[in-house]
Structure formats: C-alpha cells, structure tokens
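In what follows, a single structure is set out as structure tokens and then discussed.
Chains as they are written, first to last, in this note's numbering: chain A, 3 to 117; chain B, 12 to 125.
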C-alpha cells in the first residue's frame with residue numbers, strides 16, 4: 003500500500019513570496035489533514051478535510067494560508083505572502099475516516115525555509 | 012480543551028537500558044492517547060494507541076504504554092533500547108466524539124548511546 007505522498011520535499015523562498023505544497027493521501031482515505039511543525043515543537047493542525055469539505059480550519063491563518071481538496075483526493079496548501087515565521091515542516095496526513103480514534107498516516111513533509 | 016505535556020525534551024539511554032518517555036495529559040473527557048515516532052526527515056509513524064480498551068497497550072518495535080487515569084499519564088517504555096530507537100517521540104491526545112483531532116506534545120528526542 004502506497005503511503006502519503008508530498009511534494010516538494012524542500013522549498014526555500016523569500017518573504018512575501020508565495021508557495022504551494024501538494025499532498026496525495028493513501029488511496030481510499032476520506033480524511034486529510036495539514037499540520038505545521040515548527041522546529042522543536044509538535045505538529046499543529048492547520049486544516050482537516052472530510053472528502054472535499056472542510057471539517058476544521060480554526061487554526062489556519064486565513065489571511066495568508068489557503069487549502070483546497072478538489073474531488074476529495076489530492077490537496078494543495080498555499081501560503082501567500084510568506085512570512086519568516088512560516089518556516090516549518092508542513093506535514094500532510096490521512097485517515098480512513100474522521101473518527102478521533104482513527105490512526106493518522108503521515109507523509110514525509112515539506113520543509114519550508116523563508117528568508 | 013485538551014493538552015499534552017512531555018517531560019524532558021531530550022532523553023539519553025545506553026543501548027540495552029530501559030527506555031522511559033513521560034507523557035501527561037489534560038482532557039475534560041476520557042481521552043484517546045497516541046504515541047508517534049519521527050525519524051529524521053520522515054513523517055510520523057504510529058507506535059501505539061489507547062482507545063479505552065486495555066490500559067496496557069503494546070505497540071510496534073517492543074514499545075508499550077500504560078494508561079493511568081489517576082495520574083493522567085501515558086508513559087512510553089521499552090525494556091531494552093536499541094540503536095535504531097534513536098528518534099523523536101510525540102505523545103498526542105484526542106477527545107472521543109470531538110471535531111478537533113490530535114493535539115501533540117512538544118516531543119522528546121531519544122538518544123541511544125553505544
């Protein structure tokens with residue numbers, strides 16, 4: 003079974019530029035999550051999708067971050083414009099359902115450095 | 012609201028020694044609890060989870076954890092450390108029936124000394 007795929011793996015941009023990350027979840031997984039992991043901290047949930055609908059985006063900085071999951075499969079997370087404090091690893095995860103006991107399967111992450 | 016505290020951001024043990032990584036949680040309802048491991052430049056991998064069945068949970072790679080409600084703890088243990096156990100370990104909590112999913116602790120970096 004293929005795991006969660008993410009690209010790119012690394013990205014370096016200057017502040018005020020825009021950037022986009024892509025995630026392909028495990029086949030058949032209805033629920034998709036985006037997390038931000040700042041160095042030295044645990045992952046923090048940014049947004050959760052159930053199929054192509056948003057379940058929770060309460061911690062997404064909506065003035066600069068946006069995410070979509072067209073057709074309920076792949077997802078894209080965008081930052082525009084980027085700030086220095088956005089430097090982090092962006093992790094995508096998926097689970098078969100949205101239940102709070104469900105195991106989430108994580109991709110390798112995209113490491114973003116904002117200069 | 013729920014939260015997780017991992018005591019000790021760095022833990023070092025000798026190869027073959029006991030591994031003990033501490034996790035305390037706060038939750039307004041009986042929680043679900045998870046331990047994830049993260050190797051360098053990789054995503055997180057589930058070690059084990061507690062979902063209100065047996066309080067002693069066995070996971071992969073010889074790890075286990077015990078849910079202690081009276082102590083609000085879910086410490087991770089392994090009887091004998093191996094060099095390959097060196098990684099970062101995250102404890103996480105979720106509340107049954109809640110829309111909010113996992114809340115992670117800040118992680119514990121485990122170093123295994125030869």
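Ideal Cβ placement from N, Cα and C applies to all residues, glycine included.
Only a predicted model underlies this, so the values are computations on that prediction, with no experimental measurement involved.
Terminal residues of the continuous beta strand (DSSP E) containing residue 33 (chain A)?
-> To locate residue 33 (chain A), count along the first chain from 1; it is residue 31. First-last of the beta strand (DSSP E) with residue 33 (chain A): 33–39.
Report the residues of the stretch 102–117 of chain A with a CB closer than 9 Å to any CB of chain B, ordered along the chain.
-> 102, 103, 104, 105, 106, 107, 108, 109, 110, 111 and 113
Interface residues of chain A facing residue 57 (chain B) [CB-CB closer than 7 Å] = In the second chain, counting from the first residue as 1, residue 57 (chain B) sits at position 46. Residues of chain A passing the Cβ test: 105.
Span separating the alpha-carbon of residue 10 (chain A) from that of residue 61 (chain A) = Here the question's residue 10 (chain A) lines up with position 8 in the first chain. Here the question's residue 61 (chain A) lines up with position 59 in the first chain. Roughly 23 Å between the two C-alpha positions.
Nearest residue (CA-CA) to residue 53 (chain B), options A:115, A:91, A:98 and A:83 | What you label residue 53 (chain B) is simply residue 42 of the second chain in a count that begins at 1. For the residues A:115, A:91, A:98 and A:83, the minimum Cα distance to residue 53 (chain B) belongs to A:91.
Check the C-beta distance from residue 113 (chain B) over to residue 85 (chain B) and give it rounded, since I have them as a contact under 8 Å.
-> One-based indexing of the second chain puts residue 113 (chain B) at position 102. One-based indexing of the second chain puts residue 85 (chain B) at position 74. Actually they are not in contact, since the Cβ atoms of residue 113 (chain B) and residue 85 (chain B) sit about 13 Å apart, beyond 8 Å.
Spatially closest choice to residue 103 (chain A) from B:71, B:96, B:121 and B:41, by CA coordinates = Translated into the one-based positions of the first chain, residue 103 (chain A) becomes position 101. Of the listed residues, the one whose Cα sits closest to residue 103 (chain A) is B:41.
In chain order, each beta strand (DSSP E) run of at least 3 residues that lies wholly inside the stretch 49–78 of chain B | 55–61 and 67–69
According to a CB-to-CB cut-off of less than 7 Å, which residues of the stretch 61–91 of chain A neighbour chain B?
-> none
Let me know if residue 95 (chain A) comes out buried or exposed under the rule of 16 or more other beta-carbons within 10 Å of its beta-carbon.
-> Start at 1 with the first residue of the first chain, and residue 95 (chain A) comes out as number 93. The residue is buried, with at least 16 neighbouring Cβ atoms inside 10 Å.
Compute the Euclidean distance between the alpha carbons of residue 30 (chain A) and residue 69 (chain A), then round it to the nearest angstrom.
-> Taking the first residue of the first chain as 1, we reach residue 30 (chain A) at position 28. Taking the first residue of the first chain as 1, we reach residue 69 (chain A) at position 67. The alpha-carbon atoms of residue 30 (chain A) and residue 69 (chain A) are separated by roughly 20 Å.
Chain A beta carbons: is any one of them nearer than 9 Å to that of residue 35 (chain B)?
-> Counting from one through the second chain, the residue named residue 35 (chain B) turns up at place 24. So, not an interface residue.
Taking residue 22 (chain A) and residue 80 (chain A) to be in contact with their CB atoms under 8 Å, please state how far apart those CB atoms are, rounded to whole angstroms.
-> Walking along the first chain from the start, residue 22 (chain A) turns up at place 20. Walking along the first chain from the start, residue 80 (chain A) turns up at place 78. Confirmed, Cβ separation roughly 5 Å.
Report buried or exposed for residue 90 (chain B), applying the criterion of at least 16 other Cβ atoms within 10 angstroms of its Cβ.
-> The sequence position of residue 90 (chain B) within the second chain is 79, counting from 1. Result: exposed.
Would you tell me roughly how many angstroms separate the C-alpha atoms of residue 17 (chain A) and residue 69 (chain B), rounded to the nearest one?
-> Reading the first chain from its first residue, position 15 is the one you call residue 17 (chain A). Reading the second chain from its first residue, position 58 is the one you call residue 69 (chain B). Roughly 45 Å between the two C-alpha positions.
Identify which residue in B:106, B:101, B:35 and B:29 has its Cα closest to the Cα of residue 120 (chain B).
-> Looking up residue 120 (chain B) in the second chain gives position 109. Ranking B:106, B:101, B:35 and B:29 by Cα distance to residue 120 (chain B) puts B:101 first.
Does the beta carbon of residue 28 (chain B) come closer than 9 Å to any beta carbon on chain A?
-> Locating residue 28 (chain B) in the second chain gives position 17, counting from the first residue. It does not: the Cβ of residue 28 (chain B) has no partner Cβ on chain A nearer than 9 Å.
Starting from residue 48 (chain A) and walking both ways along the beta strand (DSSP E), at which residues does that stretch end?
-> Reading the first chain from its first residue, position 46 is the one you call residue 48 (chain A). Residue 48 (chain A) -> beta strand (DSSP E) spans 46–52.
Residue 60 (chain B) touches chain A at which residues, Cβ-Cβ below 9 Å?
-> As a position in the second chain, residue 60 (chain B) is number 49, starting the count at 1. Residues of chain A passing the Cβ test: 103 and 105.
How is residue 95 (chain B) classed by DSSP in three states: helix, strand or coil?
-> Counting from one through the second chain, the residue named residue 95 (chain B) turns up at place 84. It is helical.
Between the Cα of residue 98 (chain B) and the Cα atoms of B:106, B:78 and B:58, which residue gives the shortest distance?
-> For this step, residue 98 (chain B) is matched to residue 87 along the second chain. Out of B:106, B:78 and B:58, B:58 has the C-alpha closest to the C-alpha of residue 98 (chain B).
Contact set between residue 34 (chain A) and chain B, taken where Cβ atoms lie within less than 8 Å | Within the first chain, residue 34 (chain A) is the residue found at index 32, counting from 1. What residue 34 (chain A) touches in chain B: nothing, since even the nearest Cβ is about 11 Å away.
With a cut-off of 9 Å, does the C-beta of residue 103 (chain B) fall near any C-beta of chain A?
-> Looking up residue 103 (chain B) in the second chain gives position 92. It does: the Cβ of residue 103 (chain B) has a partner Cβ on chain A nearer than 9 Å.
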